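Asks: Read in the UniProt record's numbering, the sequence shown has 103 at position 103, and its numbers run on one by one without any break. Backbone N, C-alpha and C define an ideal beta-carbon position, used for all residues, glycine too. Quantities reported herein were computed from a predicted structural model and do not represent experimental measurements. Before anything else, here's the structure in question.
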Amino acid sequence: MLRVVGLGPGDPELLTIKAIRLLSKADVIYVPRSSRSEASLAKNIVLKYARGRVVELPFNMGGVREEQLREIAKIISSGENAVYAVLGDPSLYSTFGKIRKYVDRPVEYVPGVSALISCSLRAGVELAVGDMAVAIVPASRADLLKEALRLFDVVVVAKANRNIELLNELLSSHGGYAVRRCYMEGEAVSNRITWSDYFTTVYLWRAR
Numbered sequence: 001m002l003r004v005v006g007l008g009p010g011d012p013e014l015l016t017i018k019a020i021r022l023l024s025k026a027d028v029i030y031v032p033r034s035s036r037s038e039a040s041l042a043k044n045i046v047l048k049y050a051r052g053r054v055v056e057l058p059f060n061m062g063g064v065r066e067e068q069l070r071e072i073a074k075i076i077s078s079g080e081n082a083v084y085a086v087l088g089d090p091s092l093y094s095t096f097g098k099i100r101k102y103v104d105r106p107v108e109y110v111p112g113v114s115a116l117i118s119c120s121l122r123a124g125v126e127l128a129v130g131d132m133a134v135a136i137v138p139a140s141r142a143d144l145l146k147e148a149l150r151l152f153d154v155v156v157v158a159k160a161n162r163n164i165e166l167l168n169e170l171l172s173s174h175g176g177y178a179v180r181r182c183y184m185e186g187e188a189v190s191n192r193i194t195w196s197d198y199f200t201t202v203y204l205w206r207a208r
């Protein structure tokens, strides 16, 4: 059995009890390592609880070739008691989503605290109240951002290291917050983006 475990938004204390138990009992734990960073954020969390082997897997956030995805899937498809650890929640933009179709073994998903949802609290605001409708849009989909704000009360912009000029325009005209590396070292909250960081989430409100 391969268990895909969500590690939460970045704080090692924000793991679920089940995640901690599985990490501590796994024979091997696979963690994605971005080619843009020396240290894996996921690995730093995993090492606090792991007793088995911890294996880093190279992942380029800019894009991974199919042959590399197949190779990674082959690696994690071996071993009886294995965990594939991802930041946030496995259901939202996790690296495992790219390789799932190549994995030839049963998979169990273990939810984690979603960074996209919980990071709004670092700005001191609730994401939505009552009947407010929420949309999640990656920053790369600039074509959808203005339309989403027309249709939804709240728009969560994920991976907001692209189209920064447009995002700042929307932050100014609609109101909202940009949160960088929430629950991690280097955390920052602002109503304007003055940095370029993959781990940035923007919260925009149609009316507040």
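1. Quick one: what's Y84 bridged to in DSSP?
2. Determine, using beta carbons only, whether T200 and K146 come nearer to each other than 9 Å.
3. Please go through the same chain and pick out, in chain order, the residues whose beta-carbon is closer than 7 Å to the beta-carbon of N168, but skip the five residues on each side of it.
4. Is DSSP giving V155 helix, strand or coil here?
5. Considering only C-alpha positions, which residue in the set N161, L22, E71 and E67 is nearest to R51?
6. Let me confirm a value: G10 is counted as buried when at least 16 other C-beta atoms fall within 10 Å, else exposed. Which label applies?
7. For A133, does the three-state DSSP call read helix, strand or coil?
8. In the DSSP assignment, find the unbroken alpha helix (DSSP H) run with A123 in it and report its ends.
9. Please return the same chain residues whose Cβ sits closer than 6 Å to the Cβ of D104, not counting the five positions on each side in sequence.
10. I'd like to know whether the C-beta atoms of L116 and I136 end up nearer to each other than 9 Å.
11. With H, G and I counted as helix, E and B as strand and the rest as coil, what does DSSP make of E147?
Replies: According to the structure shown:
1. V4 and Y30
2. no
3. R192 and I193
4. strand
5. L22
6. buried
7. coil
8. From DSSP, A123 is part of no alpha helix (DSSP H); its letter is neither H nor E.
9. S77
10. yes
11. helix
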